[in-house]
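Counted from 1, the sequence shown has number 733 at position 196 by the working numbering; the numbering is strictly sequential.
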Amino acid sequence: MNDYHRQTIHTWESVRSGRGMDWERQPEVFKYYPPEFATVPLDGCAQLRDFLHFCCGITAEKVYPGGKYFLRANPSAGALYPCELYVQSRNEPGLADGIYHFEPLTQRLRLLHVLKPEEGLEGYVDDEVRVTGLVVLVTAVYYRSSWKYGQRALRYCLLDGGHILGAMEAAAYCTDRSCSWITRFDRERLQKDFGFSTRELPLAMGISGKQCPDQIRRPQMGLDCINGSGAFCRDPIIEQAFVQASSPSVCRRGKGAKAPYSVAKAELKSSILRRRSIRRFSGRSVSSVQYRAVCDMIRQNVALDCDEDIEVFSIVHRVKGMESGLYVDDRCLRKGNFAAMAGYLCLEQSLGADGAATFFLVGDSENYLALMLKAGLLGQRIYLASGLQGLGCSGIGAFYDLEVAGFLETDSLILYALAIGT
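Here is the structure:
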């Protein structure tokens, strides 16, 4: 899998290769099941409605000449939003036991399958467990991203999926729910049962409920394939890379974790709903208190079943009381004004140079899927922690991979970059 990452690096030449987008094959960003699947409003399930809204709900609408697009609680590369959410309910107040698809635009569910007592999504997991509450399946319709980003799109699908896991973590805190994630399950069988074919990629399951030992079999569904992107162009490289990532040979067992948030729930809800990807920084300095509050959020444990190691480098440009330079945690590796270099490394984008600091998330594991999901999850924490500190944030998935690695003096993979500031 590390071969896929290295095969999809950006270089000075590759970003100037002139790859364009076929506007006649532009994908749709919402998936809808046909009318024979019953619509289920969430009016009587306020807690669940809020939970799903804070995960990936619509938070703003942007109108431009010739159309409009919607912003969501979770960021997405190019605002293409490849991820979909499926919700299994078992003894959830106000909602019949079943497997549903969530429609962010309408804030409704579609009932895909009535759940029998002995079956559930837990049947795709090796561990014998029954979840009373919610199991949330996160998938990615990869063509929504590959239409613009080509073969590098699998990176963005995984990062976007990780952002939803991070949004789920915050949503659980805001709605007094528990939250943990499973990355090891039978994806091939699940794809067949849900009718995903190879177009829709199952990324992770979120668990929000009480777990107890039990034998659960997979649901007997056999759904037909429902097109989630309108137009579609198959990419064998992405599909093969995902197959390889779906059965990792290693798993660094997670330690479990509590929610990393301790602020008033109203403050975090506001940060979620106000979250945007900043387009321009002012170049003003931020306080060391603000910067360290963001760093502290990154260091908290995550509740992933496979918790792969990620090292976070920070190029500090404008933090009061700190010397400019390259840092890991609070340790300065190299002093100097590297703002221009950070901008260059981020494909010559001013976002990398004009903020207060630019983070680079770095790791190397054979469990590539869990590694990238965790990078996206940490990215969501950086977004929300920045918002809580009155700062802006922008995720940067495009960078000169080899040159970033050279500057950081690492042999590991460069997973993600994020800039924060005012």
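Note that CB positions come from ideal geometry on N, CA and C, so glycine has one too.
Apart from sequence neighbours up to five positions away, the residues of its chain that approach residue 582 with a beta-carbon distance below 6 Å are 631, 632, ordered along the chain. The shortest C-alpha to C-alpha distance from residue 755 to any of 766, 910, 725 is the one to 725.
Taking C-beta atoms under 8 Å as the contact rule, residue 811 and residue 924 qualify, at a distance of about 6 Å. Residue burial is scored here from C-beta neighbours: residue 904 has at least 16 other C-beta atoms within 10 angstroms and is therefore classed as buried. Residue pairing of residue 669 in beta bridges, as defined by DSSP: 747. The segment 879-895 and the segment 750-765 do not touch, with fewer than 3 CB-CB distances between them shorter than 8 Å. Of the candidates 723, 680, 941, the residue whose Cα lies closest to the Cα of residue 558 is 680.
Every unbroken stretch of the alpha helix (DSSP H) spanning 4 or more residues and falling wholly within the segment 901-931 is given here in chain order: 905-925.
A contact is defined here as three or more CB-CB pairs under 8 Å, and the segment 704-722 fails this definition with respect to the segment 679-695. For residue 861 against residue 850, the beta-carbon gap comes to about 14 Å, at or over 8 Å, which does not count as contact.
Per DSSP, residue 796 is not a residue of any beta strand (DSSP E), being assigned neither H nor E. Assigned with DSSP and collapsed to three states, residue 656 falls in strand. Taking the Cα positions, residue 610 is about 17 Å away from residue 623. Listed as beta-bridge partners of residue 778 by DSSP are no residues whatsoever.
In the three-state DSSP reduction, residue 694 falls in the helix class (H, G or I).
Going by DSSP, residue 826 is part of the alpha helix (DSSP H) stretching over 825-836. Note that the C-beta distance between residue 620 and residue 723 is not below 7 Å.
When the beta-carbon positions are compared, residue 634 and residue 627 come within less than 7 Å of each other.
DSSP places residue 804 in the uninterrupted alpha helix (DSSP H) bounded by 802-811.
With distances taken between CA atoms, residue 597 lies nearest to 616 out of 784, 588, 616, 852.
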